[in-house]
Amino acid sequence: MGKTIAQKIIAAHLLSGEMTAGSEVALRIDQTLTQDATGTMAYLALEGMNIPRVKTELSIAYVDHNTLQCGFENADDHQYLQTVAAKYGVRFSRPGNGICHQVHLERFGKPGKTLIGSDSHTPTAGGLGMLAFGAGGMDVAAAMGGGAYYITMPKMFRVNLTGALRPGVTAKDISLEILRILSVKGGVGAIIEWGGEGVATLSVPERATITNMGAELGATTSVFPADEVTKAFLKAQGREEDYTPVFPDEDAAYDRIIEINLSELTPRIACPHSPDNVKNVSDLAAVPVNQVCIGSCTNSSLADLLKVAAILKGKRIAPSVSLSISPGSRQVLSMLAKCGALEDILASGARLLECACGPCIGMGFSPNSGGVSLRTFNRNFLGRSGTRDGQVYLVSPETAAASALSGYITDPMTLDVLPEITMPDCFSIDDSGVLMPLDEEAAKSAEVLRGPNIKEFPVGKALEDGFDGTVVLKVGDNITTDHIMPAGAKILPYRSNIPYLSKFCFEVCDPEFAQRAKETPNGIVLGGENYGQGSSREHAALVPMYLGVRCVIAKSFARIHVANLINAGILPLTLQDPADYDLLAQGGRISLAQIHEGMKNGSLTAKAGEKEIKLCCQLTDRQQSILLAGGLLNYIGEGGL
Ligand code: MIC
Ligand code: SF4
Numbered sequence: 008m009g010k011t012i013a014q015k016i017i018a019a020h021l022l023s024g025e026m027t028a029g030s031e032v033a034l035r036i037d038q039t040l041t042q043d044a045t046g047t048m049a050y051l052a053l054e055g056m057n058i059p060r061v062k063t064e065l066s067i068a069y070v071d072h073n074t075l076q077c078g079f080e081n082a083d084d085h086q087y088l089q090t091v092a093a094k095y096g097v098r099f100s101r102p103g104n105g106i107c108h109q110v111h112l113e114r115f116g117k118p119g120k121t122l123i124g125s126d127s128h129t130p131t132a133g134g135l136g137m138l139a140f141g142a143g144g145m146d147v148a149a150a151m152g153g154g155a156y157y158i159t160m161p162k163m164f165r166v167n168l169t170g171a172l173r174p175g176v177t178a179k180d181i182s183l184e185i186l187r188i189l190s191v192k193g194g195v196g197a198i199i200e201w202g203g204e205g206v207a208t209l210s211v212p213e214r215a216t217i218t219n220m221g222a223e224l225g226a227t228t229s230v231f232p233a234d235e236v237t238k239a240f241l242k243a244q245g246r247e248e249d250y251t252p253v254f255p256d257e258d259a260a261y262d263r264i265i266e267i268n269l270s271e272l273t274p275r276i277a278c279p280h281s282p283d284n285v286k287n288v289s290d291l292a293a294v295p296v297n298q299v300c301i302g303s304c305t306n307s308s309l310a311d312l313l314k315v316a317a318i319l320k321g322k323r324i325a326p327s328v329s330l331s332i333s334p335g336s337r338q339v340l341s342m343l344a345k346c347g348a349l350e351d352i353l354a355s356g357a358r359l360l361e362c363a364c365g366p367c368i369g370m371g372f373s374p375n376s377g378g379v380s381l382r383t384f385n386r387n388f389l390g391r392s393g394t395r396d397g398q399v400y401l402v403s404p405e406t407a408a409a410s411a412l413s414g415y416i417t418d419p420m421t422l423d424v425l426p427e428i429t430m431p432d433c434f435s436i437d438d439s440g441v442l443m444p445l446d447e448e449a450a451k452s453a454e455v456l457r458g459p460n461i462k463e464f465p466v467g468k469a470l471e472d473g474f475d476g477t478v479v480l481k482v483g484d485n486i487t488t489d490h491i492m493p494a495g496a497k498i499l500p501y502r503s504n505i506p507y508l509s510k511f512c513f514e515v516c517d518p519e520f521a522q523r524a525k526e527t528p529n530g531i532v533l534g535g536e537n538y539g540q541g542s543s544r545e546h547a548a549l550v551p552m553y554l555g556v557r558c559v560i561a562k563s564f565a566r567i568h569v570a571n572l573i574n575a576g577i578l579p580l581t582l583q584d585p586a587d588y589d590l591l592a593q594g595g596r597i598s599l600a601q602i603h604e605g606m607k608n609g610s611l612t613a614k615a616g617e618k619e620i621k622l623c624c625q626l627t628d629r630q631q632s633i634l635l636a637g638g639l640l641n642y643i644g645e646g647g648l
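The sequence shown lines up with residues 8 to 648 when you count with the numbering used here.
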């Protein structure tokens with residue numbers, strides 16, 4: 008039987024394991040990326056592994072999340088990242104050079120290669136035909152050190168695209184449509200491959216918008232074929248030699264096939280507070296808008312911003328609207344400036360922000376109280392914008408620009424003329440924002456600079472055979488890592504300072520949580536479906552571990568988060584009967600016994616008073632050993648890389 012794209016790339020990188028859905032496979036990783044908000048912990052972990060140089064073909068440390076520098080903290084972290092990268096053989100993308108996924112797409116991604124990144128949107132590179140995964144920082148550190156990356160072999164979904172998009176309908180609308188079809192947990196355990204005749208009509212950045220938002224489906228990753236369009240993109244980036252064709256076999260088998268006719272699609276909008284709460288833009292027309300933000304790793308390419316500039320050209324934004332534009336990279340910004348499009352954007356009244364994540368992660372530009380904010384981003388989780396009652400909607404750049412002009416949610420298909428844009432044959436290339444590491448000799452004596460904001464990496468404790476715990480928090484379905492460990496301008500500077508960060512754990516759900524967890528020995532968190540969806544931040548596991556959480560019991564888990572829990576030494580258990588969720592209450596006592604035996608058998612029984620609760624504990628041998636050691640760092644310390 009033929010192979011899918013993902014199966015071909017996995018087979019070419021397979022270090023161990025069976026390629027049957029549900030089994031664990033170990034993959035050789037060609038490239039890694041980190042960003043600053045997760046990178047500090049990743050490099051602290053790498054330093055702890057005693058490996059003098061990274062062993063990958065290419066590793067890059069980007070600085071794009073924490074660029075406000077409201078105090079010494081961010082600047083300290085940047086300095087640490089720059090010096091640790093130089094010493095360990097990692098390239099360093101300076102603050103202002105752009106958002107990791109956009110820069111990686113432009114300058115470094117390669118079809119047919121594997122990439123892991125300490126950011127959940129690393130699958131963006133799937134737009135180039137690369138197999139790219141989001142992962143926790145410790146897993147990225149292990150891959151930098153030459154270790155394998157372990158995934159559960161996913162099912163294969165295929166989305167067949169037919170027809171072609173009509174003017175005003177965009178790749179973002181395709182992303183939102185698939186979220187409408189599958190929901191935020193519909194991609195869990197699957198790789199999504201995009202195919203069909205409609206693929207040839209989409210540029211690489213458009214494909215990347217779609218693979219980027221595969222993260223919102225919970226998918227392991229998403230990937231497009233690498234074809235003539237990919238080759239032309241790489242050629243325009245001056246790196247045609249990086250092209251390799253990547254296609255599925257004609258007779259590749261998929262577990263599920265979904266059809267989308269591009270010609271029938273209309274502009275879509277995700278309503279608060281979930282990316283799968285999708286409606287037609289036309290159904291919300293006339294909703295007044297306070298703020299519009301254009302940018303993020305989903306929609307900040309040159310083509311996106313040229314379209315925005317063309318819609319804004321010669322017009323002024325509505326007085327009631329504040330519009331921000333964050334170009335995805337310095338390449339995008341300088342090309343906008345050279346061709347005059349930047350002038351059209353500025354003349355419309357827009358505010359230009361740095362080439363960074365910015366408002367997407369609540370680093371500035373929070374909406375007003377209860378304000379309606381239209382964003383071209385990928386996440387609209389409660390409170391993520393920095394304004395708890397902000398009403399964040401996700402839209403395409405075209406919908407965003409049209410709405411900024413009118414002051415109301417506006418379907419771009421209603422605009423009189425929709426601009427045609429032509430892409431340059433050559434992008435302007437200047438890699439001076441990416442610093443090369445020191446050579447091996449110089450690296451030996453190079454100092455790594457650590458400011459007072461860099462605290463020690465917390466390590467877990469070995470998992471005992473049994474303990475009595477307390478449910479310190481009970482939460483519902485689809486809890487995101489933004490609930491567990493919020494980000495935003497006030498907290499993000501402390502990503503390398505777990506003790507300080509811990510004060511804000513679960514703040515969105517329960518401001519008392521941190522104090523209570525600290526005072527309660529053997530805390531247990533009880534969650535619903537898809538617990539830990541969203542980002543790859545391992546802080547959402549390290550911080551609860553630091554606060555004494557030993558175990559999370561949920562109806563189901565999101566892929567990256569469950570790996571992070573294990574890496575932090577927290578036992579993840581699922582309820583065999585989801586109805587038992589109702590039997591357990593916050594504050595209730597739970598006894599776990601014969602855990603070690605239970606891990607081997609895949610199930611164990613917990614006692615909650617008189618009740619017996621059956622729990623699943625499907626862990627590979629490797630995961631069991633990590634938990635027994637008290638987390639990945641201890642396990643590696645015992646020779647487990
Ligand atoms: C996000 O979009 O949520 C982030 C911020 O990029 C995170 C990483 C982090 O929390 O640092 C992600 O997506 O993994
Ligand atoms: Fe940055 Fe937002 Fe993309 Fe996360 S989703 S990498 S915060 S732009």
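Quick reminder that beta carbons are idealized off the backbone N, C-alpha and C, glycines included.
Residue i bridges to which residues according to DSSP?
i	result
I396	First, the residue type needs correcting, since residue 396 is Asp and not Ile in the sequence shown. Per DSSP, none; premise fails for D396.
T39	S66, I123
R275	N287
S341	Beta-bridge pairing links S341 to no other residue.
A33	S23, Y157
L330	V299
Q540	T487
S229	I199
G9	A259
When the Cα atoms are used, what is the spatial distance from residue i to residue j?
i	j	result
D180	R386	14 angstroms
E266	D84	45 angstroms
S281	I505	28 angstroms
V147	S413	45 angstroms
G29	G225	16 angstroms
T251	D589	52 angstroms
A132	H111	7 angstroms
A664	I498	For the chain, the structure presents residues 8 to 648; residue 664 sits outside this window and is missing.
L291	Q583	41 angstroms
E184	L626	34 angstroms
F164	I620	34 angstroms
Y261	F231	15 angstroms
E350	S376	31 angstroms
L353	L312	12 angstroms
F464	M48	7 angstroms
D418	P404	11 angstroms
G202	T429	25 angstroms
What first and last residue would you give for the beta strand (DSSP E) that runs through residue i?
i	result
F384	Neither: F384 is in no beta strand (DSSP E) and is coded neither H nor E.
S100	98 to 100
I505	Per DSSP, I505 belongs to no beta strand (DSSP E); it is in the alpha helix (DSSP H), 505 to 508.
C649	Since the first residue of the chain shown is 8 and the last is 648, residue 649 is not available in this structure.
F164	162 to 169
Y261	No beta strand (DSSP E) holds Y261; DSSP gives it neither H nor E.
F474	474 to 481
A660	Here the chain covers residues 8 to 648 and nothing more, so residue 660 does not appear.
I531	530 to 533
How far does the alpha helix (DSSP H) with residue i in it reach, from first residue to last?
i	result
M151	144 to 151
V550	546 to 553
R523	520 to 526
G652	Nothing can be reported for residue 652: it is not among the residues displayed for the chain, which extend from 8 to 648.
C107	107 to 114
K179	178 to 189
F79	79 to 95
T159	Note, T159: premise wrong, no alpha helix (DSSP H); beta strand (DSSP E) at 156 to 159.
V315	309 to 319
D71	Careful: D71 lies outside any alpha helix (DSSP H) and carries neither H nor E.
L639	639 to 644
F513	Premise fails: F513 is in no alpha helix (DSSP H) and is neither H nor E.
I217	211 to 219
V236	235 to 243
Taking a cut-off of 5 angstroms, which residues have a beta-carbon closer than that to any heavy atom of the ligand MIC, in chain order?
A44, T45, D126, S127, I368, S542, S543, R544
May I have a chain-ordered list of the beta strand (DSSP E) segments no shorter than 3 residues that lie completely inside the segment 346 to 385?
379 to 382
Which runs of the alpha helix (DSSP H) at least 4 residues long sit entirely within the segment 391 to 440? Give them in chain order.
404 to 413
Alpha helix (DSSP H) segments (min. 4 residues) lying fully within the segment 558 to 623:
566 to 575, 602 to 608
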